[in-house]
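Shown next, in structure tokens, is the structure this report addresses.
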Amino acid sequence: MDFRQKRKLVEAIAFFIIRSSAVIICLALAIMLGFLFVKGYRAINWTFLTQPPMDAMTRGGIFPAIVGTFYLTLGAILVAFPLGVASAIYLNEYAIEGRMVRTIRLGINNLAGVPSVVFGLFGLGLFVVFLGFGSSILSGSLTLGFLILPVIIGASEEALKAVPQTYREASLALGGTKWQTIYRVVLPAALPGILTGSILGIGRAAGETAPIMFTAAAFYTSKLPSSIFDEVMALPYHIYVLATAGTHIEETRHLQYGTALVLIALVLGVNLVAIIMRTRMRRKQTY
Amino acid sequence: MSNKMKMATKNMTFHYGAFKALDDITLEFRENQVTALIGPSGCGKSTFLRSLNRMNDIIPAARVEGQVLLDGEDVYGPNVDVVEIRKRVGMVFQKPNPFPKTIFNDVAYGLRIKGIKNRGELQARVEASLKAAAIWDEVKDRLNESALSLSGGQQQRLCIARALAIEPEVVLMDEPASALDPIATQKIEELIRELKKSYTIIIVTHNMQQAARISNITAFFYMGRLIEVDKTETIFTKPSLKQTEDYITGRFG
Ligand SMILES: Nc1ncnc2c1ncn2[C@@H]1O[C@H](COP(=O)(O)OP(=O)(O)OP(=O)(O)O)[C@@H](O)[C@H]1O
Ligand SMILES: [Mg+2]
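First to last, the protein sequences are chains A and B.
Note that the first sequence covers residues 1 to 287 in my numbering.
Note that the second sequence covers residues 1 to 253 in my numbering.
Next up, the structure:
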């Protein structure tokens with residue numbers, strides 16, 4: 001085998017391995033979704049989506065959990081998005097690289113590695129007990145918000161870094177102040193990227209169980225929340241409860257899968273909306 | 001050389017950290033004249049230009065000593081608002097850098113950040129700037145299209161229009177035609193000759209013919225120092241230093 005043949009072979013093998021990895025990942029996702037669908041689709045009907053659970057949660061629906069997860073996720077985003085984007089702007093646009101910034105970055109990276117149950121305990125200690133918010137949408141949203149903060153900061157920093165320096169220079173050279181430059185040029189250009197990254201945070205907030213277990217989630221309530229100080233049911237916690245804590249674990253299997261299916265659909269739906277928003281913003285690029 | 005002095009540097013020295021990029025530059029720029037800065041790559045032309053409107057402020061390790069005067073007032077003085085300076089001393093960069101906005105909003109940007117909101121006034125001034133930059137006829141029917149959809153030469157004239165819109169007194173241009181074809185270059189050169197009537201212009205160029213064609217004064221930089229400055233014809237016909245002659249005839253650099 002001469003050198004050229006060998007090079008071609010190596011090329012072919014590398015390509016095969018890389019392509020296989022991509023295919024395997026897609027397959028894994030497809031199999032998981034398919035599995036959920038097959039196991040759970042029978043549970044899904046109008047009653048399931050619009051009614052509270054009945055008969056010790058062996059029948060009926062999951063409406064309060066859908067509503068609860070919606071509020072908690074929305075709340076987490078309201079907490080984490082402004083805070084995360086602001087931190088990223090500070091780190092990327094204002095802060096002068098030095099020990100302080102390195103320490104902050106280290107802190108953020110470590111925050112990302114903290115197990116979610118620790119966030120749950122932290123939320124319990126700080127929001128539920130110390131600040132007296134009780135087990136509520138507020139406590140849960142704050143806890144989830146802190147959980148996804150590193151994701152939002154990371155995504156925003158990446159997006160801000162990707163904005164060409166020439167945009168900033170052009171704005172400054174026209175007599176723009178630093179803030180005008182950030183607000184009118186840098187942020188609009190970074191927003192699609194910020195949103196994409198934040199999608200991951202949304203999915204994570206919607207799907208976490210441990211952080212809301214002690215801070216927001218109710219085992220059972222048919223009542224919809226009337227204020228941010230109310231407890232709510234939530235989809236991931238509901239699955240956890242049905243699958244581990246009832247006396248009817250086997251009988252409610254289809255409900256568990258049905259709930260999981262709804263959760264996945266919700267997360268994918270939110271992602272889709274964000275992706276569409278980003279695509280439209282990219283296409284226009286004429287803010 | 002009877003024109004009023006608009007800008008000047010006095011014993012200006014510039015450091016990037018420990019590296020001295022400009023050494024003791026004293027140079028004057030007069031109204032309604034074009035001054036060309038020439039010299040080999042890395043000799044400090046861009047650094048010099050950017051220190052005139054304090055664009056180097058955004059480089060953390062940059063340090064300026066000596067004076068940069070605008071109408072006799074030190075640009076680096078303690079009570080000077082850098083934003084005001086940049087409004088009075090406009091800049092066009094080497095690579096066209098339009099914002100990813102519509103053509104209209106791109107040119108209106110500087111006006112809006114100045115606080116002009118009136119639609120009619122914005123329209124009038126955008127149109128006037130695009131005309132002054134000799135690009136109005138090419139873009140008047142597509143003002144709401146993205147500025148990025150323009151060709152490189154059009155983008156550069158758009159950037160000039162954008163700089164003119166805020167009515168600066170001095171216009172700095174860093175190799176504004178280096179990325180352009182001969183026809184676009186010619187348009188920019190005609191434009192510069194026209195702009196000279198209302199502005200003080202300082203332009204960096206690597207193109208000796210260009211410097212000869214458009215400038216009144218030429219300054220030759222080498223390794224961070226100002227070697228020679230004189231009327232353009234003098235520099236190109238009988239420079240007083242051999243170094244200058246060697247450079248403009250292409251014998252080194
Ligand atoms: N941000 C910076 N940090 C450190 N050194 C720099 C920086 N910018 C430029 N320099 C150095 O300063 C010197 C002058 O650079 P400058 O860009 O002013 O040259 P120039 O004359 O414009 O060259 P060219 O014709 O290639 O554009 C060079 O040696 C360059 O390496
Ligand atoms: Mg340069």
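Note that beta-carbon positions come from the ideal geometry of N, C-alpha and C, so glycine has one too.
Just so you know, these numbers come straight off a predicted model, no measurement behind them.
Query	Result
Residue range of the beta strand (DSSP E) that includes residue 16 of chain B	5-16
Any C-beta of chain B under 7 Å from that of residue 286 of chain A	With a pLDDT of 47 at residue 286 of chain A, under the threshold of 50, the predicted position of this residue should be treated as unreliable, though the coordinate-derived value follows. It does; some Cβ of chain B falls within 7 Å.
4-residue-minimum alpha helix (DSSP H) runs that sit fully inside the region 71-156 of chain B, ordered along the chain	82-88, 103-113, 119-132, 136-139
At least 3 beta-carbon pairs within less than 8 Å: the region 161-175 of chain A vs the region 132-147 of chain A	no
is_contact[residue 192 of chain B, chain A] using C-beta, thresh 7 Å	no
Sufficient close CB pairs (3 or more, under 8 Å) joining the region 69-76 of chain A to the region 140-150 of chain A	yes
Among B:121, B:99, B:187, B:225, nearest to residue 213 of chain B - alpha-carbon criterion	B:187
Short-range partners of chain B found in the region 171-187 of chain A, where Cβ spacing is below 8 Å	171, 172, 173, 174, 175, 176, 177, 180, 184, 185
Sub-7 Å separation of residue 244 of chain B and residue 228 of chain B beta-carbons	yes
Neighbour-count burial assignment, residue 3 of chain A, 16 or more Cβ in a 10 Å radius	exposed
Pair within 7 Å by beta-carbon distance, residue 36 of chain B and residue 205 of chain B	yes
Residue nearest to residue 264 of chain A in terms of C-alpha spacing, selected from A:226, A:210, A:203	A:203
Residue 17 of chain B at chain A interface by Cβ criterion, 7 Å	no
Chain A contact residues for residue 109 of chain B, given Cβ-Cβ distances below 9 Å	170, 171, 174, 176, 184, 185
Selection from A:27, A:133, A:10 that minimises the alpha carbon distance to residue 227 of chain A	A:133
Candidates A:262, A:185, A:237, of which the one nearest residue 113 of chain B by Cα	A:185
Environment of ligand 2 in chain order, Cβ to heavy atom below 7 Å	B:45, B:46, B:94, B:174, B:175, B:204
Chain D within 7 Å of residue 166 of chain A, Cβ atoms only	Absent from the structure: chain D. Protein chains present are A and B.
Per DSSP, the bridge partner or partners of residue 204 of chain B	B:37, B:174
Unbroken beta strand (DSSP E) run spanning residue 228 of chain B, endpoints	225-231
Under 9 Å from the C-beta of residue 86 of chain B: neighbouring residues of chain A	172, 173, 174, 175, 176
Proximal chain A residues relative to residue 97 of chain B, where beta-carbon distance stays under 8 Å	164, 166, 167, 169, 170
Through-space distance from residue 233 of chain A to residue 46 of chain A, alpha-carbon basis	19 Å
Within chain A, the residues that residue 114 of chain B reaches when beta carbons sit closer than 8 Å	175
Under the three-state DSSP convention, the category residue 217 of chain A falls into	strand
Within chain A, partners of residue 93 of chain B - CB distance below 8 Å	166, 169, 170, 173
Length of the line joining the Cα atoms of residue 78 of chain B and residue 89 of chain B	18 Å
Collapsed DSSP secondary structure at residue 229 of chain A in the structure displayed	coil
heavy atom of ligand 1 below 6 Å from residue 20 of chain A C-beta	no
Contact residues within the region 69-95 of chain A, judged by C-beta distance below 7 Å to chain B	none
Alpha carbon of residue 51 of chain A to alpha carbon of residue 29 of chain A, nearest angstrom	30 Å
First and last residue of the uninterrupted beta strand (DSSP E) at residue 221 of chain B	217-222
Distance cut-off 6 Å: residue 16 of chain B Cβ against heavy atoms of ligand 4	Within the structure as shown, ligand 4 is missing, the only ligands being ligand 1 and ligand 2.
Contained alpha helix (DSSP H) runs [length at least 4] in the region 105-129 of chain A, N- to C-terminal order	116-123
Interface partners of residue 243 of chain A on chain B, CB under 7 Å	Simply none; closest approach about 49 Å.
Cβ-heavy atom distance, residue 211 of chain B to ligand 1, below 6 Å	no
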